[in-house]
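*Asks:*
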Amino acid sequence: MTAVEEKDGTGATIRRMVDRTIQRNIKGVQFLTSSPPTIGQTPKDVIAQRGTMKLYHYHPQSEEIYRVPVLLTMATTNRAYVFDLAPGFSLVEFLLKHGFDVFVLDWDPPRSDERGLRFEDYVLDFIPDCVEQIAEETGVDEVSIIGYCMGGVLSLLYAALHSDGPLKNLICLTTPVDWSEMDLFQSFSHKKYFDVDRLVDSVGIVPADMIMTAFDMLRPANKPTARIQLLDNLWNDDFVRSYRMFTRWQNETLPLAGEYFRQTTKDLLWDNKLYNDTLTIGGQKVDLKKIKVPIMHAIAQHDHIVPFNASKPLISKVGSKDKTEIVLKGGHVSLIAGPNAVLRLWPTVDEWLGERSV
Amino acid sequence: MTKANDPADLWRSWVSKMEREIDSMSQKLMKTDEFARTTHTLNDIRMSLRDAVGGVSTKNLELFHMPSKEDITDLGDRLAGIERRLTMIERILTTLASEKSGGAAARSGPPRTKVPPKKAAKKATKKTAAKPKKQSKDAS
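Chains as they are written, first to last, in this note's numbering: chain A, 2 to 359; chain B, 14 to 153.
1) When you compare only the Cα positions, how much space is there between B/Asp-87 and A/Asp-114?
2) In whole angstroms, give me the CA-to-CA distance for A/Ser-156 and A/Ile-128.
3) Using 8 Å as the Cβ pair cut-off and three pairs as the minimum, do the region 221-238 of chain A and the region 23-43 of chain B touch?
4) Out of A/Ile-66, A/Val-154 and A/Leu-168, which one is the CA nearest neighbour of B/Pro-130?
5) Helix, strand or coil for B/Arg-59? Go by DSSP, reduced to three states.
6) Which same chain residues, not among the five before or five after A/Thr-281, have their C-beta less than 6 Å away from its C-beta?
7) Consult DSSP for A/Tyr-57 and reduce its assignment to one of helix, strand or coil.
8) If I'm right that A/Leu-162 touches A/Leu-125 with Cβ under 8 Å, what's the distance once you round it to whole angstroms?
9) With 7 Å as the limit, tell me which residues of the region 108-135 of chain A have their beta carbon closer than that to any beta carbon of chain B; keep them in chain order.
10) CB-CB under 6 Å to A/Asp-351, same chain, minus the five flanking residues each way: which ones, in chain order?
11) Under 8 Å between the Cβ atoms of A/Arg-51 and A/Gly-259?
12) If we ignore side chains and look at the alpha-carbon of each, how far apart do A/Asp-102 and A/Arg-357 end up?
13) What in chain B is Cβ-close to A/Pro-61, meaning under 7 Å?
14) Looking at the secondary structure, which residues open and close the alpha helix (DSSP H) in which A/Ala-136 lies?
15) For B/Asp-57, which of A/Gln-31, A/Leu-56, A/Val-197 and A/His-58 has the nearest alpha-carbon?
16) Check A/Thr-349 in the structure and name its three-state DSSP category.
17) Between the region 166-195 of chain A and chain B, which residues of the former have a C-beta closer than 8 Å to a C-beta of the latter?
18) Quick check: the Cα distance between A/Ile-172 and A/Val-294, rounded to an integer number of angstroms?
19) Which of the three DSSP states, helix, strand or coil, is assigned to B/Ala-137?
20) Tell me, please, which residues DSSP counts as bridged to A/Met-297.
21) Helix, strand or coil, according to DSSP, for A/Gln-50 in the structure here?
22) Kindly indicate which residue of B/Arg-125, B/Pro-20 and B/Lys-41 has the alpha-carbon position closest to the one of A/Glu-64.
23) Under a three-way DSSP split, which group does B/Ala-117 fall into?
24) Give the C-beta separation of A/Ser-203 and B/Arg-63 to the nearest angstrom, bearing in mind that I take them to be a contact with Cβ-Cβ under 8 Å.
25) Could one say the Cβ of A/Pro-256 lies closer than 8 Å to chain B's Cβ atoms, at least one of them?
26) In the structure shown, what three-state DSSP assignment does A/Trp-236 receive?
27) Can a CB atom of chain A be found closer than 8 Å to the CB of B/Pro-80?
28) Can you tell which of A/Val-93, A/Ile-27 and A/His-60 has its C-alpha closest to the C-alpha of A/Pro-348?
29) So what does A/Ala-258 bridge to, in DSSP terms?
30) Tell me where the alpha helix (DSSP H) around A/Val-194 begins and ends.
31) Please name the residue in B/Thr-51, B/Lys-82, B/Gly-122 and B/Val-128 whose C-alpha comes closest to that of A/Glu-138.
32) By the 10 Å Cβ neighbour count, where 16 or more other Cβ atoms means buried, how is A/Ala-81 classified, buried or exposed?
33) In the structure shown, what three-state DSSP assignment does A/Tyr-67 receive?
34) The beta strand (DSSP E) that contains A/Leu-106, what's its start and end?
35) In chain order, what residues of the same chain lie with their CB nearer than 7 Å to the CB of A/Leu-346, ignoring the 5 residues before and after it?
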């Protein structure tokens with residue numbers, strides 16, 4: 002209750018409650034009958050598409066742009082439109098307006114013939130292919146990469162295996178490195194009880210609902226509470242719009258290629274190979290110390306998907322001299338999208354990357 | 014009416030408190046060995062059922078001369094193969110076209126000359142600081 006409301010007293014509070022109840026009823030009907038909000042409206046072109054991989058180039062929105070283009074790499078479990086939810090709530094739009102040339106690597110659900118995709122395909126084929134396409138499109142032989150969550154892991158692996166490549170800067174957003182700290186995922190994939198081989202051999206592609214259930218189980222009360230909060234805030238158009246955009250995004254969780262899931266489970270969750278420096282990809286040892294480019298890592302203080310301790314060691318594991326770690330208030334998603342991100346993460350990324358993109 | 018006795022606020026804080034408690038309780042439960050064992054036993058049963066039902070369905074579909082899931086998947090894979098080849102051809106053609114036009118068309122757009130605001134401000138300060146020096150030289 003604000004100071005004004007307290008000053009106005011009980012009468013005003015009751016009036017406000019009645020008004021909101023009426024609004025809730027009217028807008029509740031609108032909520033049920035209206036179509037979902039449009040997302041990803043920033044103008045773009047698909048410049049490459051191959052199976053699960055899709056590369057977008059967004060139309061520049063600034064009179065002059067930084068020399069080095071930037072590639073945003075999405076996690077393989079979710080759609081990249083979380084980077085471009087709505088005007089004013091879009092990281093992509095923010096970067097474009099601040100003079101960046103933005104590319105986004107998005108993932109479509111892997112098709113049945115892609116059930117055999119492995120880290121090798123993502124790190125030694127898809128990302129290098131995108132980097133090549135960007136060089137062709139822009140005429141610039143350098144690129145900065147921003148990787149989110151598992152997209153951060155893939156970007157990190159790419160950086161380690163292409164240490165003399167075209168990578169200019171690397172930004173990892175809430176990227177897990179010490180997988181032994183992923184408490185609940187450890188429990189869900191308990192080595193003693195979870196037969197990952199049987200699952201992958203049987204389904205080929207790990208269904209999206211299974212991935213979504215695992216995410217939901219991390220905070221089981223979250224969904225029912227969110228619905229109660231929605232009911233309470235039905236009078237508030239901004240809240241409802243934001244709720245619908247985020248639930249749509251969460252509900253569009255992607256299935257995973259079976260081999261990729263098997264590798265994640267065995268190499269990362271069970272054997273913690275990335276942290277122990279024993280991970281090999283395509284016969285090459287992944288040594289994070291080989292990463293020498295400027296790197297920034299943003300960690301969310303209250304991240305329930307990638308716990309703080311799982312992502313914290315990243316900066317100490319890389320060999321870069323120019324390295325920055327920032328810990329921001331917020332959770333896994335609010336770190337990159339929503340009002341929290343607009344105020345905290347985005348300006349930091351703009352400042353850090355801008356200085357290094359000339 | 015203060016925040017303490019506003020029923021709507023009391024309800025909201027109760028909901029938040031319950032959410033935190035339920036989440037923390039279930040997280041504790043999910044970290045136990047028993048939870049992992051039970052969940053994975055149930056998953057195993059589900060997988061066995063899935064395999065058994067899948068086998069029966071395939072036999073029935075065969076009986077009625079209908080394509081099974083595997084047949085459809087196989088068709089999908091073949092289509093994906095054709096699509097891949099088309100993409101490759103498209104890419105080769107684009108590269109050839111780009112080479113012909115010297116890649117100029119692809120590189121149109123705003124100039125890549127932007128400098129970060131801090132650097133730009135520094136440059137501007139340097140320029141203004143240098144100006145009076147030049148003027149005094151001219152004057153002398």
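Cβ atoms here follow ideal geometry from the backbone N, Cα and C, with glycine treated the same way.
*Replies:* Well, looking at it:
1) What you label residue 87 of chain B is simply residue 74 of the second sequence in a count that begins at 1. What you label residue 114 of chain A is simply residue 113 of the first sequence in a count that begins at 1. The alpha-carbon atoms of B/Asp-87 and A/Asp-114 are separated by roughly 8 Å.
2) One-based indexing of the first sequence puts residue 156 of chain A at position 155. One-based indexing of the first sequence puts residue 128 of chain A at position 127. Cα to Cα, the separation comes out at about 8 Å.
3) yes
4) The count along the second sequence starts at 1 and reaches residue 130 of chain B at position 117. Taking only the C-alpha atoms, the option nearest B/Pro-130 is A/Ile-66.
5) Walking along the second sequence from the start, residue 59 of chain B turns up at place 46. Helix.
6) To locate residue 281 of chain A, count along the first sequence from 1; it is residue 280. Correct list: empty, nothing qualifies.
7) Translated into positions along the first sequence, residue 57 of chain A becomes position 56. The answer is strand: DSSP assigns A/Tyr-57 an E or B state.
8) Here the question's residue 162 of chain A lines up with position 161 in the first sequence. Here the question's residue 125 of chain A lines up with position 124 in the first sequence. At roughly 7 Å, the Cβ-Cβ gap stays under 8 Å, so A/Leu-162 and A/Leu-125 are in contact.
9) Arg-112, Ser-113 and Asp-114
10) If you number the first sequence from 1, residue 351 of chain A lands on position 350. Once the five neighbours on either side are set aside, the close Cβ partners of A/Asp-351 are His-99.
11) Within the first sequence, numbered from 1, the residue matching residue 51 of chain A stands at position 50. Within the first sequence, numbered from 1, the residue matching residue 259 of chain A stands at position 258. No, they are not a contact pair.
12) Counting from 1 along the first sequence, the entry for residue 102 of chain A is found at position 101. Counting from 1 along the first sequence, the entry for residue 357 of chain A is found at position 356. About 14 Å.
13) Taking the first sequence and counting its residues from 1, the one referred to as residue 61 of chain A is at position 60. Ordered by position in chain B, the residues that pass the 7 Å Cβ test against A/Pro-61 are Gly-122 and Pro-123.
14) Translated into positions along the first sequence, residue 136 of chain A becomes position 135. Looking at the DSSP string, the run of the alpha helix (DSSP H) that includes A/Ala-136 is 128-139.
15) Along the second sequence, one-based indexing puts residue 57 of chain B at 44. Ranking the options by Cα distance to B/Asp-57, first place goes to A/Val-197.
16) For the purposes of this step, residue 349 of chain A is taken as residue 348 along the first sequence, with counting starting at 1. DSSP places A/Thr-349 in helix when its eight states are reduced to three.
17) Asp-184, Leu-185, Ser-188, Phe-189, His-191, Lys-193, Tyr-194 and Phe-195
18) Reading the first sequence from its first residue, position 171 is the one you call residue 172 of chain A. Reading the first sequence from its first residue, position 293 is the one you call residue 294 of chain A. C-alpha separation (whole angstroms): 10 Å.
19) Position 124 of the second sequence holds residue 137 of chain B. In the structure shown, B/Ala-137 sits in a helix (DSSP, three-state: H, G or I).
20) The count along the first sequence starts at 1 and reaches residue 297 of chain A at position 296. DSSP output for A/Met-297 lists A/Ile-172 and A/Thr-325 as bridge partner(s).
21) Translated into positions along the first sequence, residue 50 of chain A becomes position 49. The answer is strand: DSSP assigns A/Gln-50 an E or B state.
22) Residue numbering aside, residue 64 of chain A sits at position 63 when the first sequence is read from its first letter. Measuring from the Cα of A/Glu-64, the nearest candidate turns out to be B/Arg-125.
23) On the second sequence, position 104 is the one that residue 117 of chain B refers to. Reliability fails at B/Ala-117, whose pLDDT of 49 lies under 50, so the model's placement of it is uncertain and the value that follows must be treated cautiously. Correct three-state label for B/Ala-117: coil.
24) As a working note, residue 203 of chain A is residue 202 in the first sequence. As a working note, residue 63 of chain B is residue 50 in the second sequence. Indeed, because the Cβ distance is near 7 Å, the residues count as touching under 8 Å.
25) Locating residue 256 of chain A in the first sequence gives position 255, where the first residue counts as 1. Cβ-Cβ to chain B under 8 Å: no for A/Pro-256.
26) Along the first sequence, read from residue 1 onward, the residue named residue 236 of chain A stands at position 235. Of the three classes helix, strand and coil, the one that applies to A/Trp-236 here is coil, per DSSP.
27) By 1-based counting over the second sequence, the position of residue 80 of chain B is 67. No, B/Pro-80 lies away from the interface with chain A (no Cβ there is under 8 Å from its Cβ).
28) For this step, residue 348 of chain A is matched to residue 347 along the first sequence. It is A/Val-93 whose Cα lies nearest to the Cα of A/Pro-348.
29) Against the first sequence, residue 258 of chain A aligns to sequence position 257. Paired residue(s): A/Ile-206.
30) For the purposes of this step, residue 194 of chain A is taken as the residue at position 193 of the first sequence. It is worth fixing the name first, because residue 194 of chain A is Tyr in this sequence and not Val. No alpha helix (DSSP H) holds A/Tyr-194; DSSP gives it neither H nor E.
31) Position 137 of the first sequence, counted from the first residue, corresponds to residue 138 of chain A. Considering only alpha carbons, the answer is B/Gly-122.
32) The residue labelled residue 81 of chain A in the question sits at position 80 within the first sequence. By the neighbour-count rule (16 or more Cβ atoms within 10 Å), A/Ala-81 is buried.
33) By 1-based counting over the first sequence, the position of residue 67 of chain A is 66. In this structure, A/Tyr-67 counts as coil in the three-state DSSP scheme.
34) Translated into the one-based positions of the first sequence, residue 106 of chain A becomes position 105. 103-108 is the span of the beta strand (DSSP E), which, as asked, contains A/Leu-106.
35) Position 345 of the first sequence, counted from the start, is the residue given in the question as residue 346 of chain A. Counting only Cβ-Cβ distances below 7 Å, and skipping sequence neighbours, we find Ala-299, Leu-329, Leu-336 and Ile-337.
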